[in-house]
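Contents: one structure, followed by commentary.
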Amino acid sequence: MAGRRPKAPEDRRDVVARIRLTRAEQRAIQQRAVEAGVTFADYVRETAMGRKPRAKPAKAKAIEDVFYELGRIANNLAQLEAATGDETYRPWAVYVGKEMVERLTDRADLAPVLMSHVEAVNGIGHLINSLARRANSGKDIDDEERDEALTILKDVLAPIHKAVAKGPKGREPEGKPDGPEGSDAL
């Protein structure tokens, strides 16, 4: 999957503006940004320009958040393989970071499913990340921990996988496995 097209030079935000704030000011601005549904930087930028900050629609945000999390999970799975030498992680990294992402691309019809599962995807992302951090610091990941994490990953992705498998109009396409090794993996 190709990445985003680069922005034109005049549209790139490459200037960093540092400002000093008290902790109370920072918390107040952060709270207003959260209430507006935008990032701290977007809130400061928009209000400084005299514009009202606008959050992305919930559907677009859910899709973006799931894509981001899937990318993080795939990256952490690849790190786990590199750090442990355990090739069990490779098919999962490909499944999560390539196959799932490709199958979700241009599927705005899945926004409701993604919106209802984004927190679970984020949660398993944190679990996989903690394993990768441990492995990268030289600590062992035993087979039980690995299998438990991959089983949870499979369970969390199952509703999204099922929704993707139905196709854009709810029709069932040819059978696709539930993960990198089918429905009975692990």
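When we follow full-length UniProt numbering, the leftmost residue of the sequence shown carries the number 1, and every step to the right adds one.
Beta carbons are placed, not taken as given, at the ideal position from N, Cα and C, and that holds for glycine.
Everything numeric in this text was worked out from a predicted model, so none of it was measured.
| Check | Outcome |
| --- | --- |
| Alpha-carbon spacing of Ala41 relative to Ala108, whole angstroms | 27 angstroms |
| For Thr47, the first and last residue of its enclosing alpha helix (DSSP H) | Phe40 to Ala48 |
| Closest Cα partner of His161 within the set Arg103, Thr47 and Asp11 | Arg103 |
| Sequence-distant residues of its chain with Cβ nearer than 6 angstroms to Arg72 (five each side left out) | Gly125 |
| Contact set for Thr47: own chain, Cβ-Cβ below 7 angstroms, skip 5 residues either direction | Pro53 |
| Sequence-distant residues of its chain with Cβ nearer than 6 angstroms to Pro6 (five each side left out) | none |
| Same chain, Cβ closer than 6 angstroms to Ala93, five either side skipped, listed in chain order | Ala74, Leu77 and Ala78 |
| Reference Met100; option with closest CA among Arg133, Pro180 and Val15 | Pro180 |
| contact_flag[the region 126 to 138, the region 55 to 71] where n(CB pairs < 8 angstroms) is 3 or more | no |
| contact_flag[the region 79 to 88, the region 134 to 142] where n(CB pairs < 8 angstroms) is 3 or more | yes |
| Cβ separation of Ala120 and Ala62, assumed to be a contact under 8 angstroms, to the nearest whole Å | Not confirmed; about 12 angstroms, so no contact. |
| Own chain partners of Pro168 with C-beta closer than 8 angstroms, once the 5 adjacent residues on each side are dropped | Arg107 and Asp109 |
| Alpha-carbon to alpha-carbon, Ala8 and Ala149 | 41 angstroms |
| Contact under 8 angstroms by Cβ, Pro159 with Val96 | no |
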